[in-house]
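Below: one structure, written as structure tokens.
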Amino acid sequence: MRCPFCGHEDTQVKDSRSSEDGTAIRRRRVCSACTQRFTTVERVQLRELTVIKTDGRRAPFDRDKLARSIRVALRKRPVEEERQERLVNGLVRQLEASGEQDISSHRIGELAMDALREVDGVAYVRFASVYRDFREVEAFSKILADMNPISGDAHASLPTKDSQETP
1 MRCPFCGHED TQVKDSRSSE DGTAIRRRRV CSACTQRFTT VERVQLRELT
51 VIKTDGRRAP FDRDKLARSI RVALRKRPVE EERQERLVNG LVRQLEASGE
101 QDISSHRIGE LAMDALREVD GVAYVRFASV YRDFREVEAF SKILADMNPI
151 SGDAHASLPT KDSQETP
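Per full-length UniProt numbering, residue 1 is the first one in the sequence shown, and the count goes up by one each step.
As structure tokens, this is what we get:
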């Protein structure tokens with residue numbers, strides 16, 4: 001493993017431990033040249049996945065890109081870092097277990113939206129608004145209506161200015 005500080009190729013593992021959910025190993029390393037310490041993470045990769053973009057381009061699947069998207073959607077939401085990591089790990093396992101090597105970006109986005117919908121409604125709407133490229137307010141209204149259908153008149157349960165009591 002090359003040292004990220006000085007580029008020296010001789011580093012030693014000082015400590016190893018498995019991650020919380022057992023899907024990765026965190027290794028604490030030290031460089032023999034500059035004595036700087038750093039951490040690496042090793043994950044099992046069942047197969048090489050290729051993402052087929054909407055324009056037909058092919059790119060290697062990037063777990064970190066998926067994790068960043070999930071974290072952005074969940075920013076400032078009450079979802080712990082550990083749960084976010086489990087969500088990303090679950091999505092990656094689902095993709096690897098599908099048996100397909102080529103996966104469309106559309107499928108990855110839909111799986112991520114489904115997972116976020118179960119975890120946090122606000123994060124789901126945030127992700128969907130970027131993923132589906134919302135340009136009009138009506139798109140938000142439609143996704144909110146699809147999320148939690150209200151029987152009868154949708155506005156009947158909302159308080160109005162006239163119905164609020166003033167002290």
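Note that the Cβ used here is the ideal one computed from N, Cα and C, for glycine as well. On a predicted model such as this, the values are computed, not experimentally measured, just so you know.
Residue 62: not part of any alpha helix (DSSP H); DSSP gives it neither H nor E.
With the rule of 3 Cβ pairs closer than 8 Å, the segment 69 to 82 does not count as touching the segment 40 to 60. Annotation for residue 12: the continuous beta strand (DSSP E) segment containing it runs 11 to 18. For residue 3, the number of other beta carbons within 10 angstroms of its own is at least 16, and it is reported as buried.
For the 8 Å CB-CB criterion, residue 132 and residue 92 do not form a contact. Contact between residue 120 and residue 88 fails: their C-beta atoms lie close to 14 Å from each other, not under 8 Å.
The alpha-carbon separation between residue 9 and residue 31 amounts to approximately 8 Å. In the DSSP secondary-structure assignment, residue 24 is bridged to 43. When DSSP states are grouped into helix, strand and coil, residue 135 belongs to the coil group.
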